[in-house]
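Going left to right, the first sequence walks through residues 244 to 688 as this note's numbering numbers them. Everything below concerns the one structure shown next.
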Amino acid sequence: MRLSRYFLPVLKENPAEAQIVSHRYMLRAGMIKQQAAGIYSWLPLGYRVLKRIEQIVHEEQVRAGHIPLLMPTLQPADLWRESGRYDDYGQEMLRIKDRHERDMLYGPTNEEMITDIFRSHVGSYKDLPMTLYHIQWKFRDEVRPRFGVMRGREFLMKDGYNFDVDRESALHAYNRHMVSYLRTYERMGLTAIPMRAASGPIGGDNTHEFLVLASTGESEVFYDDRVTALKLGARDIDYDNWDQVAKVCEEFTTLYARTDETHDEAVFNGVPEEHRKVGRGIEVGQIFYFGTKYSEAMGATVVTKDGSKVPVEMGSHGIGVSRLLGAIIEASHDDKGIIWPEGVTPFHVGIVNLKQGDAEADAACEALYKSVAALGLEALYDDRDERAGGKFATMDLIGLPWRITVGPRGLKNGVVELTSRRTGESVELPPEQAIERIAQIYAGI
RNA sequence: CGGGGCGUAGCGCAGCCUGGUAGCGCGACGGUUUUGGGUACCGUAGGUCGUAGGUUCGAAUCCUAUCGCCCCGACCA
């Protein structure tokens with residue numbers, strides 16, 4: 244993308260309404276525009292990152308054997324009357340009447356609807372296990388939306404629902420989700436710690452939240468700091484292997500890690516003092532096993548091998564997709580702007596032409612731009628007729644992890660400059676080698 | 001939902017107390033200058049002062065109502 248033809252409305256000054264760093268940078272980098280309290284338009288740069296995150300979530304869900312579908316944002320109230328939640332959910336649920344005075348609602352989550360789909364079409368243990376998920380906009384009419392996309396009223400969420408014939412199989416689904424989530428967050432450059440949580444309105448007794456450590460987090464967290472060193476890495480996971488998956492879960496949930504909701508001071512004091520940490524975290528996902536709460540209420544049953552009819556065992560599992568943008572920025576920024584992890588960056592590399600209009604510099608930039616495209620990667624080429632300082636400031640603000648700087652001085656010696664946004668380190672290289680480095684960097688992402 | 005604050009040009013703000021023809025910085029546009037980390041100067045455009053009503057000869061300014069937004073707390077992906 245040539246910046247001169249892109250829509251990137253960056254702001255030089257901090258908008259007054261933004262209090263935390265991720266909100267400020269998202270506004271300043273021209274990623275979002277607020278339309279109402281907790282409701283945002285996604286401008287081109289923000290939309291790119293949102294799509295990248297969404298794509299990673301999809302890939303890891305499919306890898307775990309889960310099946311994508313798409314349910315509507317608007318739902319009939321009757322489904323929620325069946326589960327009893329139409330009355331329980333309270334003011335957070337946006338209730339709407341259509342022209343025929345029918346009660347509708349903008350979905351805050353989809354347990355009822357997915358259960359309805361399931362009961363309409365599935366009746367046998369032979370069809371199980373099955374996990375269905377979608378990535379769809381949700382609306383929860385928060386009393387006080389804040390922190391930009393971190394606590395919006397409208398937000399994009401991946402929510403998945405597993406259906407299993409018995410408790411053991413459903414617990415495997417729970418574990419499978421935990422492992423797939425670990426991989427999902429790692430691909431985004433995040434350390435998200437599964438912490439034992441309280442169940443809230445979804446119900447159920449087995450639940451973990453995934454927390455990204457950040458000083459601006461809304462939850463207080465208590466943990467053994469050795470959990471932050473755990474990495475799933477590139478290990479090969481067979482998601483159908485119950486033992487392997489369970490072992491990974493054990494590895495990641497044995498050390499103490501809890502939110503203030505489930506914190507137990509006595510147990511916490513058993514953690515060696517040098518590892519005992521109290522901090523704050525941003526919740527970026529949660530998994531639940533709730534058994535037959537919805538299937539019983541809504542009559543979702545399957546026939547088992549021995550011919551008996553049982554309510555299907557379920558769980559639900561969510562990832563806050565739009566919130567993740569905020570969480571990633573909170574975890575990865577400096578005083579100049581955002582620092583995108585390679586996995587979610589809106590463009591893989593920025594090209595800065597220090598002297599637009601200089602025939603040699605222009606030609607070198609064009610060649611680099613084409614070379615990046617030939618790698619199957621995307622460059623943002625700052626071809627504006629701006630001063631070097633302004634171009635650097637923009638690149639730093641929007642946070643592309645790698646920048647190639649091209650100017651007449653370097654070209655005289657046959658080199659361009661490759662700079663890491665994260666470390667600030669630069670190396671001078673011939674253009675071909677800079678492209679090779681970019682190719683290597685993104686080879687494993 | 002309790003407490004506090006703010007709505008004036010695209011963004012950041014001053015002016016309000018003490019009523020008298022709406023201002024500054026950044027940005028945008030045109031030019032000169034400059035060119036490896038937001039250069040300097042000249043010029044231009046842009047505002048029903050959130051909205052409605054009231055007081056007044058006269059309201060951004062005073063009064064009333066209303067809408068919106070932000071912050072702190074209680075609640076939540």
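Glycine included, every Cβ here is placed at the ideal spot set by N, Cα and C.
| Item | Value |
| --- | --- |
| Quick check on Glu-660: does DSSP put it in helix, strand or coil? | strand |
| Leaving aside the five residues before and after Thr-459 along the sequence, list all residues of the same chain whose C-beta is less than 6 Å from its C-beta, in chain order. | Ile-263, Glu-573 |
| Check this for me: beta carbons of Ala-604 and Lys-598, under 8 Å apart or not? | yes |
| Whole angstroms are fine: how far does the CA of Asp-483 sit from the CA of Glu-303? | 14 Å |
| For a test of the three-state rule: what should DSSP assign to Tyr-329, helix, strand or coil? | helix |
| For the beta strand (DSSP E) that contains His-415, what are its first and last residues? | No beta strand (DSSP E) holds His-415; the alpha helix (DSSP H) holding it covers 410-430. |
| Report the CB separation of Val-615 from Ala-622 in whole angstroms; it is logged as a contact under 8 Å. | 4 Å |
| Is Ile-678 helix, strand or coil when you go by DSSP? | helix |
| Taking DSSP's pairing of strands, which residues face Ile-339 in a bridge? | Met-347 |
| Give me the Cα-Cα distance between Ile-480 and Gly-542, rounded to the nearest whole angstrom. | 35 Å |
| Check whether the Cβ atoms of Met-205 and Ala-320 sit closer than 8 Å, and answer yes or no. | Absent from the model: residue 205. The displayed extent of the chain is 244 to 688, so no value can be given. |
| Could you give the first and the last residue of the continuous alpha helix (DSSP H) run that contains Leu-270? | 264-271 |
| In this structure, what does DSSP give as the bridge partners for Gln-529? | Glu-452, Gly-561 |
| Could you work out which residue in Tyr-268, Ser-247, Arg-248 is closest to Asn-257 when comparing CA atoms only? | Tyr-268 |
| On the three-state DSSP scale, how would you describe Thr-502? | strand |
| Leaving out five residues before and five after Arg-469 in sequence, what residues of the same chain have Cβ atoms less than 8 Å from its Cβ? | Leu-498, His-518 |
| Once the 5 residues before and after Asp-628 are set aside, which same chain residues still bring their CB inside 6 Å of it? | Gln-599 |
| Measure how close the beta-carbons of Leu-399 and Glu-355 come, nearest whole angstrom, since I'm counting them as under 8 Å. | Not quite, the Cβ-Cβ distance comes to about 20 Å (not below 8 Å), so this is no contact. |
| Could you check where the alpha helix (DSSP H) with Lys-598 kicks off and where it finishes? | Careful: Lys-598 lies outside any alpha helix (DSSP H) and carries neither H nor E. |
| What does the alpha-carbon distance come out to for the pair Leu-456 and Leu-640? | 22 Å |
| Can you tell which of Ala-602, Gly-403, Ile-581, Trp-485 has the C-alpha that lies nearest to the C-alpha of His-560? | Gly-403 |
| Considering just the uninterrupted stretch of the alpha helix (DSSP H) at Ala-477, what are its terminal residues? | Element bounds for Ala-477: n/a, residue is neither H nor E. |
| With a threshold of 16 other CB atoms inside 10 Å of the CB of Asn-418, please say whether the residue is buried or exposed. | buried |
| Whose C-beta lies closer than 8 Å to the C-beta of Glu-668 among residues of the same chain, with five residues either side of it excluded? | Thr-662 |
| Compute the beta-carbon to beta-carbon distance between Ser-284 and Tyr-537, rounded to the nearest angstrom, for a pair I have assumed lies under 8 Å. | The Cβ separation is near 34 Å, so there is no contact. |
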